[in-house]
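Student:
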Amino acid sequence: MGKALDGVRILDFTHVQSGPTCTQLLAWFGADVIKVERAGAGDITREQLRDIPDADSLYFTMLNHNKRSVTIDTKNPEGKLVLEALIQKCDVLVENFAPGALDRMGFTWERIQELNPKMIVASVKGFGPGPYEDCKVYENVAQCVGGAASTTGFDDGPPVVTGAQIGDSGTGLHLALGIVTALYQRTMTGRGQKVLAAMQDGVLNLCRVKLRDQQRLERTGVMKEYPQYPNGTFGEAVPRAGNASGGGQPGWILKCKGWEHDPNAYIYFITQAPVWVKICNVIGKEEWATDPEYATPTARLPRLKEIFAEIERWTMTKTKFEAMEILNKYDIPCGPILSMKEIAEDDSLRKTGTIVEVDHPVRGKYLTVGNPIKLSDSPTDVTRSPLLGEHTDEVMAELGYSREQIEALRTVGAI
Ligand SMILES: CC(C)(COP(=O)(O)OP(=O)(O)OC[C@H]1O[C@@H](n2cnc3c(N)ncnc32)[C@H](O)[C@@H]1OP(=O)(O)O)[C@@H](O)C(=O)NCCC(=O)NCCS
């Protein structure tokens, strides 16, 4: 069976996390992703957080599946010519260098257009145009400037960053959508275009509901589903909401049996209005179903702390999985707090290809996250990440270079 992006060639000039997540997705959909790395060194993550001496790190291998690697010194005049040949052959150039790096290399948008007017040039940058556009940005910086950190954590503590890499992987995902959209438009216009995903914008897009709440707060001065109501105070900006749900159905994280020694013995519990009577029955508070102080969502809002404390008295008598099983019988929405160990060992995630075991010639077998987006006509096979420069000769030959020319370029350090 063919793949959705068969025939699309990507010049992958990405490094670290944000760009590589984008090109990895495109590779999983069938694009030929040619990763250009600095001769001799490669993507810096190859050696970051190494767990096995001299083997590519998990940081690198888990972000660069299904790609080919060529090493080119793009500051060497002859290396530049090789890059030009690649630009002429590829459909998309993806990069996440610091602002201006591509221009300094001599590959401005105008130059790239001269070489290939159909080329789509896709970039991740920290900020869009404006006062900060020249700044370098990493994951947690993006979380802080995109509104995630100020709205994450508890009211009485400092801002908190989340473990989900919404700045890097989140922006890579946004960029991938921009690229396939530009490819689609190109089928009608015949022209390439620039695609920009700024990390601040990507994080803010994922924090959309918090900008919603900012405006609600300005209008009403209070948000009744936030834990600050009715016992705390609201300031001028959206406060940190702890584990409150963020939507119209109140929720909280509650202790389960074993919480004293297991840091993940907790469950997320949602007091969804349509199943309120069932909740009352399950936890043995049948009287709440008819008591006007508890029977309606509005009446419950000022009592959420007390209500969750009562529900927790019940969840503490069950393990998180027992609680999940009982609650699901009654359609009560909930979710056990799964540790990474539990996720790594989850059979159903392995069956769907969301967790995959991959073999690597240097590091051996390791687990990775497969393609989370499943296409029925374009299934994903996850293959290992390339060794540094593993495909230099192969790609050079495809570009028309002879064996002698390749050796000559290698001798002068261009590849
Ligand atoms: C991530 C980031 C902070 C890293 O910064 P950095 O380590 O200084 O790396 P840069 O991107 O600036 O690139 C370093 C240099 O390598 C050069 N380089 C890269 N590939 C090369 C190659 N194959 N041959 C020769 N030189 C190469 C670049 O031209 C640049 O040179 P210059 O500074 O002289 O112009 C920065 O790239 C950035 O802000 N990127 C955009 C936002 C982003 O993606 N952040 C998330 C990272 S997960």
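Residues 29 to 443 in my numbering are what the sequence shown spells out, letter by letter. Note that beta-carbon positions come from the ideal geometry of N, C-alpha and C, so glycine has one too.
Quick check for students: name the residue ranges of the beta strand (DSSP E) that lie wholly in the stretch 341-380, counting only runs of 3 or more.
Tutor: 362-364, all fully within the stretch 341-380.
Student: Where in the stretch 253-286 do unbroken runs of the alpha helix (DSSP H), each at least 4 residues long, occur, reported from the N-terminal end onward?
Tutor: Entirely contained in the stretch 253-286, not one alpha helix (DSSP H) run reaches 4 residues.
Student: CB A210 to CB A442, shorter than 9 Å?
Tutor: Here the question's residue 210 lines up with position 182 in the sequence shown. Here the question's residue 442 lines up with position 414 in the sequence shown. Contact: no.
Student: Quick one: what's got a C-beta closer than 7 Å to Q193's C-beta in the same chain, skipping five residues either side?
Tutor: If you number the sequence shown from 1, residue 193 lands on position 165. Excluding sequence neighbours, Q193 sits near Q45, E167.
Student: In this structure, how does DSSP classify E418 when only helix, strand and coil are distinguished?
Tutor: To locate residue 418, count along the sequence shown from 1; it is residue 390. E418: coil per DSSP, three-state reduction.
Student: Let me know if T299 comes out buried or exposed under the rule of 16 or more other beta-carbons within 10 Å of its beta-carbon.
Tutor: Here residue 299 refers to the residue found at position 271 when the sequence shown is read from its first residue. T299 is buried by the Cβ-count criterion.
Student: Using the C-alpha atoms, what's the distance from D60 back to V149?
Tutor: Residue numbering aside, residue 149 sits at position 121 when the sequence shown is read from its first letter. Residue numbering aside, residue 60 sits at position 32 when the sequence shown is read from its first letter. In a straight line, the C-alpha of V149 is about 16 Å away from that of D60.
Student: If you draw a straight line from the C-alpha of M90 to the C-alpha of W342, how long is it?
Tutor: As a first step, residue 90 is located in the sequence shown; it is residue number 62 there, counting from the start. As a first step, residue 342 is located in the sequence shown; it is residue number 314 there, counting from the start. Near 40 Å, if we compare the C-alpha coordinates of W342 and M90.
Student: Would you call the stretch 322-333 and the stretch 394-406 touching, i.e. three or more CB-CB distances under 8 Å?
Tutor: Short answer: they don't touch.
Student: Would you call the CB atoms of G220 and Q141 closer than 9 Å?
Tutor: As a working note, residue 220 is residue 192 in the sequence shown. As a working note, residue 141 is residue 113 in the sequence shown. Cβ distance < 9 Å, so G220 and Q141 count as in contact.
Student: Can you check which of these residues, F336, C50, N309, R78, is closest to L201 by C-alpha distance?
Tutor: The residue you call residue 201 lines up with position 173 of the sequence shown. Measuring from the Cα of L201, the nearest candidate turns out to be C50.
Student: Can you name the residues that DSSP bridges to H388?
Tutor: Taking the sequence shown and counting its residues from 1, one reaches residue 388 at position 360. Answer is G392.
Student: Reducing DSSP to helix, strand and coil, say where E123 ends up.
Tutor: Along the sequence shown, read from residue 1 onward, the residue named residue 123 stands at position 95. DSSP places E123 in strand when its eight states are reduced to three.
Student: Is the Cβ-Cβ distance between D84 and S413 less than 9 Å?
Tutor: Numbered from its first residue, the sequence shown carries residue 84 at position 56. Numbered from its first residue, the sequence shown carries residue 413 at position 385. Yes.
Student: Could you name the residues that DSSP lists as bridge partners for D40?
Tutor: As a working note, residue 40 is residue 12 in the sequence shown. Looking at the DSSP assignment, D40 forms a beta bridge with K63, V122.
Student: Would you kindly work out how many angstroms separate the C-alpha atoms of A32 and D241, rounded to a whole number?
Tutor: Residue mapping note: residue 32 aligns to position 4 of the sequence shown, counting from 1. Residue mapping note: residue 241 aligns to position 213 of the sequence shown, counting from 1. Roughly 39 Å between the two C-alpha positions.
Student: Span of the alpha helix (DSSP H) holding T326?
Tutor: Locating residue 326 in the sequence shown gives position 298, where the first residue counts as 1. That run of the alpha helix (DSSP H) goes 325-328.
Student: Are the beta-carbon atoms belonging to V188 and A170 less than 9 Å from one another?
Tutor: Along the sequence shown, read from residue 1 onward, the residue named residue 188 stands at position 160. Along the sequence shown, read from residue 1 onward, the residue named residue 170 stands at position 142. Not in contact: V188 and A170 (Cβ atoms no closer than 9 Å).
Student: Should N124 be labelled buried (16 or more other beta-carbon atoms within 10 Å of its own) or exposed?
Tutor: Counting from one through the sequence shown, the residue named residue 124 turns up at place 96. It counts as buried.
Student: Go ahead and label L109 buried or exposed: buried means 16 or more other beta carbons lie within 10 angstroms of its beta carbon, across all protein chains shown.
Tutor: In the sequence shown, residue 109 corresponds to position 81, counting from 1. Flag for L109 reads exposed.
Student: Exposed or buried, which one is L86 when buried takes at least 16 other CB atoms within 10 Å?
Tutor: Along the sequence shown, read from residue 1 onward, the residue named residue 86 stands at position 58. Buried, since its Cβ has 16 or more Cβ neighbours within 10 Å.
Student: Can you find the residues in the same chain that come closer than 6 Å, C-beta to C-beta, to L427, ignoring five residues on each side of it along the sequence?
Tutor: As a working mapping, residue 427 is identified with position 399 in the sequence shown. So the qualifying residues of the chain are A113.
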